[in-house]
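*Asks:* Chains as they are written, first to last, in this note's numbering: chain A, 194 to 722; chain B, 104 to 377. Glycine included, every Cβ here is placed at the ideal spot set by N, Cα and C. Sharing a structure below in structure tokens format, with a few things to ask.
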Amino acid sequence: MTVEVLLGDEAVALGAIHAGISGAFSYPGTPATEIFEYVERQARAGLEVYARWSPNEKVAYEEALGMSWTGKRAIVSMKHVGLNVAADAFVNSALTGVGGGLVVVVADDPGMHSSQNEQDTRALAAFAQVPCLEPRDQQEAYAMMAEGLDLSERLDVPVVVRIVTRLAHSRAPVQVRETPRAPNPLRPAGAMSKWTLLPAIARQRYHRLVELTPELQRWSATRSGNELTLRGRRLGVLAAGLASNYLTENLTPDHDLSILHVGSYPPPVEKIRALTTHVDRLLVLEEGYPHLEDHLLGLLGPRPGLEVLGRRSGHVPRTGELTPDLVRAALAEEPWPALHEALTDLPGRPPMLCQGCPHIDLYQTLNLAMADYPGSQVFSDIGCYTLGALPPLLAIHSCVCMGASIGMALGAAEAGASPVVAVIGDSTFAHAGIPALLSAAKADVPLTLIIVDNDYVAMTGGQQTMLTGERLDRLVLGLGVPEAHFRVITPLKKNQEDNLRVLREEIAHPGLSVVVSRRVCIQKKAPAA
Amino acid sequence: MELNIILAGVGGQGILTIAQVLDQAAGQLGLHFKQAEVHGMAQRGGAVQSHLRIASGPVSSDLVPRGRADLILSVEPLEALRYLHYLSPAGAVVSSDNPHVNIPDYPAEPTLFARFEQLARLVLVDARALARRAGSARAENVVMIGAAAPDLGLPVELLESLVVAMFARKGEKVVEANRNALRFGLAAGLTFRAARQAGLPLAPARRLTNLLDPEGLQAETRAHWVTLLAGPRGALVADLLATRQAPLAGQAAAALPAQLDAAPEAELAGLLAG
Numbered sequence: 194m195t196v197e198v199l200l201g202d203e204a205v206a207l208g209a210i211h212a213g214i215s216g217a218f219s220y221p222g223t224p225a226t227e228i229f230e231y232v233e234r235q236a237r238a239g240l241e242v243y244a245r246w247s248p249n250e251k252v253a254y255e256e257a258l259g260m261s262w263t264g265k266r267a268i269v270s271m272k273h274v275g276l277n278v279a280a281d282a283f284v285n286s287a288l289t290g291v292g293g294g295l296v297v298v299v300a301d302d303p304g305m306h307s308s309q310n311e312q313d314t315r316a317l318a319a320f321a322q323v324p325c326l327e328p329r330d331q332q333e334a335y336a337m338m339a340e341g342l343d344l345s346e347r348l349d350v351p352v353v354v355r356i357v358t359r360l361a362h363s364r365a366p367v368q369v370r371e372t373p374r375a376p377n378p379l380r381p382a383g384a385m386s387k388w389t390l391l392p393a394i395a396r397q398r399y400h401r402l403v404e405l406t407p408e409l410q411r412w413s414a415t416r417s418g419n420e421l422t423l424r425g426r427r428l429g430v431l432a433a434g435l436a437s438n439y440l441t442e443n444l445t446p447d448h449d450l451s452i453l454h455v456g457s458y459p460p461p462v463e464k465i466r467a468l469t470t471h472v473d474r475l476l477v478l479e480e481g482y483p484h485l486e487d488h489l490l491g492l493l494g495p496r497p498g499l500e501v502l503g504r505r506s507g508h509v510p511r512t513g514e515l516t517p518d519l520v521r522a523a524l525a526e527e528p529w530p531a532l533h534e535a536l537t538d539l540p541g542r543p544p545m546l547c548q549g550c551p552h553i554d555l556y557q558t559l560n561l562a563m564a565d566y567p568g569s570q571v572f573s574d575i576g577c578y579t580l581g582a583l584p585p586l587l588a589i590h591s592c593v594c595m596g597a598s599i600g601m602a603l604g605a606a607e608a609g610a611s612p613v614v615a616v617i618g619d620s621t622f623a624h625a626g627i628p629a630l631l632s633a634a635k636a637d638v639p640l641t642l643i644i645v646d647n648d649y650v651a652m653t654g655g656q657q658t659m660l661t662g663e664r665l666d667r668l669v670l671g672l673g674v675p676e677a678h679f680r681v682i683t684p685l686k687k688n689q690e691d692n693l694r695v696l697r698e699e700i701a702h703p704g705l706s707v708v709v710s711r712r713v714c715i716q717k718k719a720p721a722a
Numbered sequence: 104m105e106l107n108i109i110l111a112g113v114g115g116q117g118i119l120t121i122a123q124v125l126d127q128a129a130g131q132l133g134l135h136f137k138q139a140e141v142h143g144m145a146q147r148g149g150a151v152q153s154h155l156r157i158a159s160g161p162v163s164s165d166l167v168p169r170g171r172a173d174l175i176l177s178v179e180p181l182e183a184l185r186y187l188h189y190l191s192p193a194g195a196v197v198s199s200d201n202p203h204v205n206i207p208d209y210p211a212e213p214t215l216f217a218r219f220e221q222l223a224r225l226v227l228v229d230a231r232a233l234a235r236r237a238g239s240a241r242a243e244n245v246v247m248i249g250a251a252a253p254d255l256g257l258p259v260e261l262l263e264s265l266v267v268a269m270f271a272r273k274g275e276k277v278v279e280a281n282r283n284a285l286r287f288g289l290a291a292g293l294t295f296r297a298a299r300q301a302g303l304p305l306a307p308a309r310r311l312t313n314l315l316d317p318e319g320l321q322a323e324t325r326a327h328w329v330t331l332l333a334g335p336r337g338a339l340v341a342d343l344l345a346t347r348q349a350p351l352a353g354q355a356a357a358a359l360p361a362q363l364d365a366a367p368e369a370e371l372a373g374l375l376a377g
């Protein structure tokens with residue numbers, strides 16, 4: 194065995210490589226970004242694996258599914274909200290099934306360290322009726338990639354591996370195998386009907402998926418990773434994923450708790466039954482939604498003779514990330530003595546735009562232009578430029594999901610709001626903004642779209658963008674944006690007067706206009722050779 | 104053994120480099136460790152922290168529980184205070200004393216440093232000055248590794264070899280600057296500890312730490328200065344040091360405590376001018 198020090202994300206990536214993947218697909222998103230980046234680095238170093246960023250998670254998923262169709266193994270990784278974007282492909286691929294093993298790794302962000310929600314991917318895996326693995330540490334993250342890819346091939350379904358921020362971005366030594374599994378040979382599935390979800394075929398395939406449920410339950414029930422330890426009857430603990438580590442942290446060797454660790458879904462029902470019949474009270478510890486807890490409670494609440502403690506009962510906060518301290522409180526243990534109380538009067542230090550950032554120049558100019566229209570809203574999007582919502586700039590007023598700025602601005606313009614301005618980055622535009630701009634060009638309502646083209650995906654640590662410069666300009670014009678109202682500015686202090694005039698003219702224009710605000714991100718590094 | 108560390112600072116100050124060095128040290132010693140860090144949005148000039156847990160047995164939680172940190176190691180003083188509730192009753196704080204002011208409501212320095220006065224196990228060093236003295240303004244993080252070394256319980260030689268290896272591909276000049284940074288941080292940290300152990304208040308302890316040149320600083324020289332400042336003339340000498348800009352360096356620094364102890368009071372100012 195070799196030992197490597199790996200982030201949880203990197204353990205996932207290396208686990209997949211050692212399990213014989215031929216391709217990795219992704220769109221950057223914290224906390225999942227480093228999964229793909231690890232594979233990409235290995236590919237650059239000569240490993241035979243395809244690794245190139247996709248413009249969004251849906252395309253990434255489809256590429257992975259297409260590679261699977263050829264008989265080869267593939268992974269696709271994304272942050273939790275990315276699976277919403279890929280959901281159409283994801284849910285339907287449960288019906289088609291796979292060729293080579295297909296694992297979708299989704300990094301959830303409980304506590305919303307870098308996200309707009311804390312949705313729980315276990316719920317989406319259940320929604321698609323596919324199996325889900327949840328590692329509790331870097332070693333399991335590594336091992337579960339092989340387990341997931343094997344399972345995917347054996348049961349002919351995509352498999353979800355769900356991780357969370359604290360595992361994704363935590364480093365530890367991992368024992369890795371010396372000899373990687375060889376990639377699968379190229380063996381395209383051909384024009385077989387399972388891939389063609391016409392209603393008649395889809396009905397058969399859906400029936401097959403539903404029939405698979407008992408098999409999935411058997412798999413989950415017999416996995417060795419879901420360990421059941423029956424001790425005292427006072428309190429049982431059902432702990433999933435990372436929650437088990439926080440539980441262990443709080444245990445002494447002679448504890449009297451009965452414990453079931455859950456690392457796979459559908460949950461191991463017989464083991465849960467064994468635990469619940471052994472104890473009178475059950476504490477459920479899980480990152481994210483009260484997923485297992487709600488399954489236990491069902492519609493009708495706790496059954497007589499079993500009290501269920503968790504996020505619903507208030508023993509664990511309903512929202513937010515778990516910590517060893519929250520788990521300690523849920524166990525009704527005294528906190529560890531601390532030297533000091535938390536200082537509550539310290540000023541926060543939120544993230545901010547870098548000094549010299551082109552977004553600052555653009556927003557300062559935009560604020561001047563918008564001062565002509567008090568009370569107006571500027572719709573915006575996801576990226577570093579979202580920080581323009583914070584003081585001192587206070588330049589934008591929305592951030593919902595990738596690409597939403599344009600669609601929302603369009604809806605507002607269609608309702609008669611005026612003026613309507615939207616700000617989107619080059620990568621977010623490529624991700625999900627293009628169809629919305631096509632729609633805006635067709636509608637030709639009064640709307641000014643500002644595309645901040647910094648030639649970089651900066652917020653996620655610096656990835657190459659797919660659509661920038663002249664190609665971006667040609668695409669925008671190709672969508673039907675009138676040339677007379679397509680302007681390009683360079684956001685620099687010395688250009689402020691000219692830029693302000695351009696913005697004023699286009700905001701006043703009673704139709705669609707697009708202003709590209711173009712200056713390279715000051716963090717941009719030269720692409721690696 | 105178990106060593107729980109909260110690493111703190113502001114995005115861009117090199118917290119993750121500190122983490123990497125300590126991870127490698129733990130790995131080389133055959134210890135278990137987990138190190139949780141912050142990526143993404145928070146790295147843009149915001150507060151950044153990393154939880155590092157090193158132990159002889161398996162580590163469970165990736166996060167340090169509250170009350171269980173043995174050490175808060177911070178490259179910025181306000182950020183050190185942010186995690187005080189993680190500190191165990193016997194825990195130590197080792198921090199740079201250079202405020203990184205990028206927020207409008209940053210506390211005034213007297214308010215800020217008053218918060219440190221009650222901490223029994225504390226080290227404050229001027230990481231910025233020490234990094235420059237070492238030859239690289241970017242080496243503040245490595246200065247802090249040196250300053251914290253006695254509280255880490257990891258061999259200094261091992262830390263130094265890992266720092267050298269980490270910067271090896273950047274050339275000998277960068278390697279030398281970082282090696283110096285580690286040594287200067289260690290020397291300055293030892294001065295601060297000695298001053299506090301002798302019962303000096305925060306202000307004279309910081310003053311001595313920041314004036315005593317770490318280059319070639321002898322243990323006896325440090326001890327003589329601390330004894331002098333803790334003695335009957337201590338308050339007077341500390342006041343005079345407050346106006347001094349030039350470092351106390353070399354032979355002169357070694358000889359001064361005895362001279363200051365022996366000279367008539369009226370001559371002290373003259374001896375300390377510079």
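Under a Cβ-count criterion, where at least 16 other Cβ atoms within 10 Å of its own Cβ denotes burial, should A:Ala-212 be classed as buried or exposed?
*Replies:* Your numbering for residue 212 of chain A matches position 19 in the first sequence. Its Cβ being crowded by 16 or more others within 10 Å, A:Ala-212 is buried.
*Asks:* If the criterion is Cβ atoms closer than 8 Å, does the pair A:Thr-641 and A:Glu-699 meet it?
*Replies:* Taking the first sequence and counting its residues from 1, one reaches residue 641 of chain A at position 448. Taking the first sequence and counting its residues from 1, one reaches residue 699 of chain A at position 506. Cβ distance < 8 Å, so A:Thr-641 and A:Glu-699 count as in contact.
*Asks:* I'd like to check one pair, B:Leu-375 with B:Leu-343: are the Cβ atoms closer than 8 Å?
*Replies:* For this step, residue 343 of chain B is matched to residue 240 along the second sequence. For this step, residue 375 of chain B is matched to residue 272 along the second sequence. Taking 8 Å as the Cβ cut-off, B:Leu-343 and B:Leu-375 qualify as a contacting pair.
*Asks:* Identify the contact partners of A:Cys-714 in chain B, using a Cβ-Cβ distance below 7 Å as the criterion.
*Replies:* Working through the first sequence from its first residue, we reach residue 714 of chain A at position 521. Result: empty, since nearest Cβ-Cβ is about 12 Å, beyond 7 Å.
*Asks:* Who pairs with B:Leu-374 in a beta bridge, going by DSSP?
*Replies:* Indexing the second sequence from 1 puts residue 374 of chain B at position 271. Beta-bridge pairing links B:Leu-374 to no other residue.
*Asks:* Closest to A:Leu-685 by C-alpha separation, out of A:Gly-596, A:Gln-548, A:Gly-626, would be which residue?
*Replies:* As a first step, residue 685 of chain A is located in the first sequence; it is residue number 492 there, counting from the start. It is A:Gln-548 whose Cα lies nearest to the Cα of A:Leu-685.
*Asks:* Label A:Glu-233 either buried or exposed according to how many other C-beta atoms from any shown protein chain fall within 10 Å of its C-beta, with 16 as the threshold for buried.
*Replies:* As a first step, residue 233 of chain A is located in the first sequence; it is residue number 40 there, counting from the start. So A:Glu-233 ends up on the buried side.
*Asks:* Please list the partners that B:Phe-219 has in chain A, where partner means a Cβ-to-Cβ separation under 9 Å.
*Replies:* Here residue 219 of chain B corresponds to residue number 116 of the second sequence, with the count starting at 1. Correct list: empty, because the minimum Cβ distance to chain A is about 11 Å.
*Asks:* Could you run through the segment 536 to 548 of chain A and flag, in chain order, every residue whose CB is less than 8 Å away from some CB of chain B?
*Replies:* Result list: Leu-536, Leu-539, Pro-540, Gly-541, Arg-542, Pro-543, Pro-544, Met-545, Leu-546, Cys-547.
*Asks:* Do you know whose CA, among A:Ala-625, A:Tyr-649, A:Val-352, lies nearest A:Ser-261's CA?
*Replies:* For this step, residue 261 of chain A is matched to residue 68 along the first sequence. When only C-alpha atoms are compared, the closest one is A:Val-352.
*Asks:* Which term fits A:Ala-722, buried or exposed, when burial requires 16 or more other beta carbons within 10 angstroms of its beta carbon?
*Replies:* Taking the first residue of the first sequence as position 1, residue 722 of chain A is located at position 529. Residue placement at A:Ala-722 is poorly supported in this model, since its pLDDT is 43, which falls under 50; the coordinates are not used for a value here.
*Asks:* Could you confirm whether any beta carbon from chain B is found closer than 8 Å to the beta carbon of A:Leu-519?
*Replies:* Residue numbering aside, residue 519 of chain A sits at position 326 when the first sequence is read from its first letter. Not one chain B Cβ lies under 8 Å of A:Leu-519.
*Asks:* Can you tell me the Cα-Cα spacing of B:Asp-229 and B:Thr-312, whole angstroms?
*Replies:* Position 126 of the second sequence, counted from the start, is the residue given in the question as residue 229 of chain B. Position 209 of the second sequence, counted from the start, is the residue given in the question as residue 312 of chain B. Between B:Asp-229 and B:Thr-312, the C-alpha separation is close to 8 Å.
*Asks:* Measuring only between beta-carbons, confirm whether A:Trp-529 sits less than 8 Å from chain B.
*Replies:* In the first sequence, counting from the first residue as 1, residue 529 of chain A sits at position 336. Closer than 8 Å to some Cβ of chain B, the Cβ of A:Trp-529 qualifies, so yes.
*Asks:* Under a Cβ-count criterion, where at least 16 other Cβ atoms within 10 Å of its own Cβ denotes burial, should A:Asp-281 be classed as buried or exposed?
*Replies:* By one-based count along the first sequence, residue 281 of chain A stands at place 88. The residue is exposed, with fewer than 16 neighbouring Cβ atoms inside 10 Å.
*Asks:* What residue does the beta strand (DSSP E) around B:Phe-136 start on, and which one ends it?
*Replies:* As a position in the second sequence, residue 136 of chain B is number 33, starting the count at 1. Where B:Phe-136 is concerned, the enclosing beta strand (DSSP E) stretches over 135 to 140.
*Asks:* Classify A:Lys-265 as helix, strand or coil using the three-state DSSP reduction.
*Replies:* Residue mapping note: residue 265 of chain A aligns to position 72 of the first sequence, counting from 1. Of the three classes helix, strand and coil, the one that applies to A:Lys-265 here is coil, per DSSP.
*Asks:* Give the DSSP-derived three-state secondary structure of B:Pro-317 in the structure shown.
*Replies:* Taking the first residue of the second sequence as 1, we reach residue 317 of chain B at position 214. The answer is coil: DSSP assigns B:Pro-317 none of H, G, I, E or B.
*Asks:* Please state the DSSP three-state secondary structure of A:Leu-583.
*Replies:* Walking along the first sequence from the start, residue 583 of chain A turns up at place 390. Coil at A:Leu-583, not helix or strand.
*Asks:* Output, in chain order, the set of chain A residues within a Cβ distance shorter than 7 Å of B:His-327.
*Replies:* Here residue 327 of chain B corresponds to residue number 224 of the second sequence, with the count starting at 1. Simply none; closest approach about 32 Å.
*Asks:* Taking the C-alpha atoms as reference points, what is the distance between A:Gly-208 and B:Val-266?
*Replies:* If you number the first sequence from 1, residue 208 of chain A lands on position 15. If you number the second sequence from 1, residue 266 of chain B lands on position 163. About 29 Å.
*Asks:* For A:Gly-626, I'd like the list of residues in its chain whose CB is within less than 7 Å of its CB, leaving aside the five on either flank, ordered along the chain.
*Replies:* Walking along the first sequence from the start, residue 626 of chain A turns up at place 433. Here the set comprises Gly-596, Ile-599, Ile-617.
*Asks:* In or out: A:Asp-302 buried (at least 16 other Cβ within 10 Å) or exposed?
*Replies:* Reading the first sequence from its first residue, position 109 is the one you call residue 302 of chain A. Buried, by the Cβ-count rule.
*Asks:* Just verifying my parser: in three-state terms, what is the DSSP assignment at A:Met-595?
*Replies:* If you number the first sequence from 1, residue 595 of chain A lands on position 402. Correct three-state label for A:Met-595: coil.
*Asks:* Give the secondary structure of B:Phe-219 by DSSP, where H, G and I count as helix, E and B as strand, and everything else as coil.
*Replies:* On the second sequence, position 116 is the one that residue 219 of chain B refers to. B:Phe-219 falls in the coil class under three-state DSSP.
*Asks:* Determine the extent of the beta strand (DSSP E) in which B:Ile-108 is found, giving its start and end residues.
*Replies:* Within the second sequence, the letter at position 5 stands for residue 108 of chain B. Here the beta strand (DSSP E) through B:Ile-108 covers 105 to 113.
*Asks:* First and last residue of the beta strand (DSSP E) that includes A:Pro-366?
*Replies:* Position 173 of the first sequence, counted from the start, is the residue given in the question as residue 366 of chain A. Segment 363 to 369, the beta strand (DSSP E) holding A:Pro-366.
*Asks:* What does A:Tyr-254 pair with, by DSSP beta-bridge criteria?
*Replies:* Here the question's residue 254 of chain A lines up with position 61 in the first sequence. The partner list for A:Tyr-254 (beta bridge, DSSP) is empty, contrary to what the question assumes.
*Asks:* At the level of alpha carbons, what is the spacing between A:Ile-723 and A:Val-477?
*Replies:* The question about residue 723 of chain A has no answer, for chain A in this structure spans 194 to 722.
*Asks:* So what does A:Lys-139 bridge to, in DSSP terms?
*Replies:* Since the first residue of chain A shown is 194 and the last is 722, residue 139 of chain A is not available in this structure.
*Asks:* Judging by CA-CA distance, which residue of A:Pro-378, A:Pro-376, A:Arg-329 is the nearest neighbour of A:Ala-365?
*Replies:* For the purposes of this step, residue 365 of chain A is taken as residue 172 along the first sequence, with counting starting at 1. Per the Cα distances, A:Arg-329.
*Asks:* In the structure shown, what three-state DSSP assignment does B:Pro-307 receive?
*Replies:* The residue given as residue 307 of chain B occupies position 204 in the second sequence. B:Pro-307 falls in the helix class under three-state DSSP.
*Asks:* Report the option in B:Gln-321, B:Asp-165, B:Leu-339 whose CA atom is closest to the CA atom of B:Leu-351.
*Replies:* The count along the second sequence starts at 1 and reaches residue 351 of chain B at position 248. Comparing Cα positions, the closest option is B:Gln-321.
*Asks:* Of all the alpha helix (DSSP H) runs that stay within the bounds of the segment 331 to 362 of chain A, which reach a length of 4 or more residues?
*Replies:* Taking only runs of at least 4 residues, the alpha helix (DSSP H) segments lying wholly in the segment 331 to 362 of chain A are 331 to 348, 358 to 361.
*Asks:* Applying the 10 Å Cβ sphere with the 16-neighbour rule, what's the burial state of B:Tyr-189?
*Replies:* Reading the second sequence from its first residue, position 86 is the one you call residue 189 of chain B. It is buried - the Cβ of B:Tyr-189 has at least 16 other Cβ atoms within 10 Å.
*Asks:* Counting C-beta neighbours from all protein chains within 10 Å, is the total for B:Gln-127 16 or more, i.e. buried, or is it exposed?
*Replies:* Here residue 127 of chain B refers to the residue found at position 24 of the second sequence. So B:Gln-127 ends up on the buried side.
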